[in-house]
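Mapped onto my numbering, the consecutive letters of the sequence shown carry residue numbers 5 to 90. Note that the Cβ used here is the ideal one computed from N, Cα and C, for glycine as well. Please read these numbers as outputs of a predicted model, since none were measured by experiment. Read through the structure below, which is laid out as structure tokens, and then see the notes.
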Amino acid sequence: MSAMKHLLMQRLDVDLTELGTQAANAALLDTSAERLKALTAVFEECGERASTYDSPHSTVEQLVRWVAMDFQISRKNAREMEYANA
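What follows is the structure in structure tokens.
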């Protein structure tokens with residue numbers, strides 16, 4: 005793997021980790037309005053970060069797909085914990 009490709013993959017990994025964490029945290033907010041506002045901000049950040057890549061369109065698709073999954077998993081886990089504690 006070329007050094008440039010390695011750096012690009014590292015950067016993508018950092019972006020996915022940071023954005024995924026933000027999405028997972030958004031899923032834990034109390035109200036749907038708060039969650040929507042926070043998740044919208046994460047999606048906007050996906051677009052901003054993707055614009056720095058050679059292929060912004062495909063990059064933003066990847067970022068949004070993974071961020072949405074992180075949100076869904078975190079939200080599902082939060083709901084399960086709520087039901088378990090009820």
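Alpha-carbon spacing of S62 relative to N89, whole angstroms:
Residue 62 sits at position 58 when you count from the first residue of the sequence shown. Residue 89 sits at position 85 when you count from the first residue of the sequence shown. One C-alpha to the other measures close to 41 Å.
Spatial neighbours of W4 within its chain, please: CB distance less than 8 Å, with the 5 preceding and 5 following residues excluded, ordered by chain position.
Residue 4 lies beyond the stretch modelled for the chain, which goes from 5 to 90, so this question has no answer here.
What three-state label does DSSP hand A90 in the structure shown?
Here residue 90 refers to the residue found at position 86 of the sequence shown. Coil, per DSSP.
Quick check: the Cα distance between E52 and S36, rounded to an integer number of angstroms?
As a working mapping, residue 52 is identified with position 48 in the sequence shown. As a working mapping, residue 36 is identified with position 32 in the sequence shown. So the two alpha carbons sit approximately 24 Å from each other.
Which same chain residues end up closer than 7 Å to Y57 when comparing Cβ atoms and leaving out the 5 residues on each side of it in sequence?
Mapped onto the sequence shown, residue 57 falls at position 53. A distance below 7 Å between beta-carbons, with the five flanking residues on each side excluded, links Y57 to the following residues of its chain, in chain order: T63.
Using 10 angstroms around the beta-carbon of A27, count the other beta-carbons present and answer buried if the total reaches 16, otherwise exposed.
Counting from 1 along the sequence shown, the entry for residue 27 is found at position 23. Buried.
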